[in-house]
Amino acid sequence: MTDGALSLDPSVVAVILAMAAVTVLTKVGGIWLVRQVELGDRLEAGLSVLPGAIVIALLGPELAAGGPPEWAAAAVVLGVMWRTENILFALCAGVLSVVAFRALAAGTGLPIA
Numbered sequence: 001m002t003d004g005a006l007s008l009d010p011s012v013v014a015v016i017l018a019m020a021a022v023t024v025l026t027k028v029g030g031i032w033l034v035r036q037v038e039l040g041d042r043l044e045a046g047l048s049v050l051p052g053a054i055v056i057a058l059l060g061p062e063l064a065a066g067g068p069p070e071w072a073a074a075a076v077v078l079g080v081m082w083r084t085e086n087i088l089f090a091l092c093a094g095v096l097s098v099v100a101f102r103a104l105a106a107g108t109g110l111p112i113a
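In this text, residue positions in the sequence shown follow UniProt numbering: the first is 1, and each later residue adds one.
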């Protein structure tokens with residue numbers, strides 16, 4: 001094996017491929033399981049809101065621990081979501097705005113959480 005910049009350890013490649021296989025099997029297994037079970041209206045409604053709940057669970061603590069740049073970015077996300085009703089667009093706008101607000105706060109000397 002050469003010591004070039006693009007050389008990979010075979011064990012690292014094996015781990016990455018194993019993680020990819022587990023991810024695919026989890027997704028395919030979940031879809032297969034849902035197709036085998038008759039879903040009630042309540043369960044179907046719960047599954048439909050699950051992605052949003054996961055986003056809130058991941059971003060909520062960050063927002064609570066954040067400072068003015070994060071709060072301003074959250075306001076941008078709310079505004080974009082309200083106007084466009086597109087969650088992907090709103091999340092992209094949030095990422096870009098938090099980067100911009102953090103850079104602005106760093107340049108002005110405002111405290112950054």
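Quick reminder that beta carbons are idealized off the backbone N, C-alpha and C, glycines included.
One Cα belongs to Ala74, the other to Pro10, and the distance between them is close to 42 Å.
Contact between Val77 and Gly94 holds: CB atoms are separated by about 4 Å, below the 8 Å threshold. Rounded to whole angstroms, Ala105 and Gly40 show a C-alpha spacing of 49 Å. In this structure, Pro69 is the residue among Gly79, Ile87, Pro69 and Ala18 with its C-alpha nearest to the C-alpha of Val99. Secondary structure of Glu38 (DSSP, three-state): coil.
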